[in-house]
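Residues in the sequence shown are numbered consecutively from 1, following UniProt numbering. Backbone N, C-alpha and C fix where the C-beta goes; we use that ideal spot for every residue, glycine too.
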Amino acid sequence: PALRELFDASANKRRTQQVILQGVAKLVTASRIKGVDMLKKTPAILMALYDIDLLEEAAVVKWYAKAPSTKNSTKVREAAAPFMTWLREAEEESSTEESSAESADEGCGTVTTLADKAAWDKAHADAGGKLVVVDFTAVWCGPCQRIAPIFAKLAAEHPKAVFVKVDVDESIEVATECGISSMPTFHFYRNGKKIEEQVGADPKRLEQSIKRELK
1 PALRELFDAS ANKRRTQQVI LQGVAKLVTA SRIKGVDMLK KTPAILMALY DIDLLEEAAV
61 VKWYAKAPST KNSTKVREAA APFMTWLREA EEESSTEESS AESADEGCGT VTTLADKAAW
121 DKAHADAGGK LVVVDFTAVW CGPCQRIAPI FAKLAAEHPK AVFVKVDVDE SIEVATECGI
181 SSMPTFHFYR NGKKIEEQVG ADPKRLEQSI KRELK
């Protein structure tokens with residue numbers, strides 16, 4: 001209720017969302033350090049966030065519930081179980097929207113998904129001197145899903161460049177090696193060397209960067 005009141009009273013709701021999410025991120029991080037007792041508080045807060053349409057971003061805790069960095073793994077999963085059940089139900093309701101986004105991604109242009117470090121190395125080797133545009137993304141990241149169809153469209157419009165995407169939760173080694181801390185992040189490479197970086201879902205800036213690097 002307190003979070004809902006804070007959101008309703010805010011003049012800048014997007015900024016309020018960001019502040020609340022920062023607090024949740026700190027709570028999730030603290031849970032990984034302090035263990036089960038603190039994690040028990042997380043589901044209630046995340047479910048409150050769902051009431052203000054923040055499910056996509058809040059679902060970062062799903063990763064933690066699957067791979068907790070604590071000795072009490074079983075207890076941690078049990079503590080997170082109510083949230084996980086609720087999250088699965090919410091995700092089922094949004095499955096139609098997700099399928100539409102995936103169809104747009106696949107249909108608009110050629111974007112290759114790199115599943116691991118071997119695929120990453122091969123993509124750069126095969127590209128030769130071509131521009132390689134990398135979208136570091138995550139399934140729980142709302143802005144990532146919104147810009148995905150635009151990224152695919154840009155791939156179709158610029159066949160002289162190589163467009164790839166990396167799921168940071170699936171390709172942890174690549175994401176760590178590239179120093180990814182926010183999603184979406186776009187990297188631009190040529191001959192295996194990074195020449196530009198863009199953080200955030202800004203379609204206009206992304207398109208401008210692609211055109212500039214292709215000149």
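Express the C-alpha separation of residue j and residue i in angstroms, rounding to a whole number.
i, j, result
"F136", "V166", "5 Å"
"V168", "K160", "26 Å"
"P130", "A156", "For the sequence presented, residue 130 should be read as Lys rather than Pro. Those two C-alpha atoms are separated by around 15 Å."
"I210", "G200", "15 Å"
"G128", "W140", "32 Å"
"K71", "E173", "Its pLDDT being 45, under 50, K71 is placed unreliably in this model, and the coordinates cannot settle the point."
"D121", "K194", "13 Å"
"E177", "K117", "10 Å"
"E196", "R190", "10 Å"
"S182", "A175", "10 Å"
"G179", "V134", "13 Å"
"G142", "F163", "20 Å"
"F188", "A119", "17 Å"
Please return the same chain residues whose Cβ sits closer than 8 Å to the Cβ of residue i, not counting the five positions on each side in sequence.
i, result
"L206", "I147, I150, F151, L154, F186 and Q198"
Ignore the nearest five residues each way along the sequence and tell me which others in residue i's own chain have a CB closer than 7 Å to its CB.
i, result
"G192", "H124"
"A115", "E170 and S171"
"L214", "L131, H158, K160 and A161"
"A138", "C144, D167, V168, D169 and M183"
"Q208", "none"
For residue i, list the residues DSSP reports as bridge partners.
i, result
"T113", "K165"
"H187", "V134 and E197"
Within the same chain, show all residues whose beta-carbon is closer than 6 Å to that of residue i, passing over the 5 residues directly before and after it, in chain order.
i, result
"R212", "none"
"T110", "A155"
"T113", "K165"
"D126", "none"
Do we get a CB-CB distance below 8 Å when we pair residue i with the residues of chain C?
i, result
"T176", "Absent from the structure is chain C; it holds one protein chain and no more."
Contact check, residue i vs residue j under 8 Å by CB: the rounded distance?
i, j, result
"P184", "C144", "5 Å"
Relative to the ligand FMN, is the shortest distance from any of its heavy atoms to the C-beta of residue i smaller than 7 Å?
i, result
"I180", "Of ligands this structure carries none, so the ligand FMN is not represented either."
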